[in-house]
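J.: Once you've had a glance at the structure underneath, I'll fire off some questions.
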Amino acid sequence: MSSNEGFFDFFYAAPDGLKLHARVYGEANSGHWPVICLPGLTRNARDFHELALHLSTRAAIPRKVIAFDYRGRGQSTYDPDVKNYNVGAEAGDILAGLTALNIGEAAFIGTSRGGLIIHVLGMMRPSVLKAIVFNDIGPVIETAGIAHIQSYLERDPAPKTRTQATAAQRSVHGKDFPALADADWDRMVWALYREMDGGLVPDFDPRLVDTIASLDLTQKLPDLWPQFEALAAIPLLAIRGANSRLLSIDTLKQMRERHSMMETITVEGQGHAPILETGSLPGDIAAFLDQAERKNIPKQTP
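Quick note: the sequence shown uses my numbering, first residue 1, plus one each step.
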């Protein structure tokens, strides 16, 4: 492990043999639940770097943290078949990674698509889920949010410098994220792009854009209420950006009504999806995980 970076790279094989990547933070978890971090559609493990450092080294109870790159993102291999860029296949990839890391149960943090994958994991292997943090995602996805994602992915710029990249991200997301400071925008860009041929390119398979562009938004997107309700016995923290276009206030209200152990945080001045290392969020997430784990400890019989 690099002492400067705080993690080591872990590579493993997907069920179909594709080479996949994850970052592992923390050398030991001292018997506490590890934390699995699952990013958004076109994002990667770098999105969780600052949060992972907090949870693995700075929190009152340090935890092992694993942040995954899905197939076609970050350091994971691009899939030759674009049809495999789907939530079901990606959930299977995560389970393969957990098996390779010898992790049988963990707390999960899912941003956007990562939260959808957690819904699927609850169907595939519910025993692995000990606590859940949904970052601006729920069982109902608003078409306005998907339309916004379609729009900015279709006209994604090709910046030459980080300054240009930051300006481009501000132009697209600035209205939804007035609370972000310059350093927050810089970290967003660092996580999204990689250097290539004298310029910057988004760090994902460009064909991912096709998977979202092909959605017919004149039709209501299917919801995941049955999958969500299956998570009712698992402690859950739902984080919503106050300016989110993807997770509505009404959906959040319904989630609370259907999940008695759900806690919520609304992040002012941020949209989809809140930056998890900003403000009090790292401490709030750590406290939620600690409390959930304490409640999970069986009472000793006299």
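The beta carbon of each residue, even a glycine, is placed where N, CA and C say it ideally should be.
Fair warning: this is a prediction, and the values are worked out from it, not measured in the lab.
Can you name the residues that DSSP bridges to ARG240?
T.: THR266
J.: Would GLY110 pass as a contact of ILE137 if the rule is Cβ separation under 8 Å?
T.: yes
J.: Whose C-beta lies closer than 8 Å to the C-beta of LEU217 among residues of the same chain, with five residues either side of it excluded?
T.: THR143, ILE146, ALA147 and GLN150
J.: Could you tell me which residues DSSP puts in a beta bridge with GLY199?
T.: MET196
J.: Considering only residues of the same chain and omitting the five flanking positions on each side of ILE265, which have a CB-CB separation below 8 Å?
T.: LEU237, ALA238, ILE239, ARG240, LEU281 and ASP284
J.: Around the Cβ of ALA292, are there at least 16 other Cβ atoms within 10 angstroms (buried) or fewer (exposed)?
T.: buried
J.: Alpha carbon to alpha carbon, what distance is there between ILE66 and LEU98?
T.: A straight line joining the alpha-carbon of LEU98 with that of ILE66 spans about 9 Å.
J.: Between the C-alpha atoms of SER2 and ALA183, what's the straight-line distance to the nearest angstrom?
T.: Per-residue confidence for SER2 stands at a pLDDT of 42, beneath the threshold of 50, marking its modelled position as unreliable; the derived number appears in the next sentence. So the alpha carbons of these two residues sit roughly 23 Å apart.
J.: Quick check: GLY26 and ARG58, are their CB atoms within less than 8 Å of each other?
T.: no
J.: Start and end of the beta strand (DSSP E) containing THR346?
T.: Because the chain is modelled from 1 through 302, residue 346 falls outside the range shown and cannot be assessed.
J.: Please confirm whether PHE7 and LEU20 have their CB atoms less than 8 Å apart.
T.: no
J.: Of the choices PRO235, ILE297, ARG256 and LEU276, whose alpha-carbon is the least far from that of LYS130?
T.: PRO235
J.: What span of residues does the beta strand (DSSP E) with ASN135 cover, start to end?
T.: Start and end: 129-135.
J.: If we ignore side chains and look at the alpha-carbon of each, how far apart do SER214 and ASP223 end up?
T.: 18 Å
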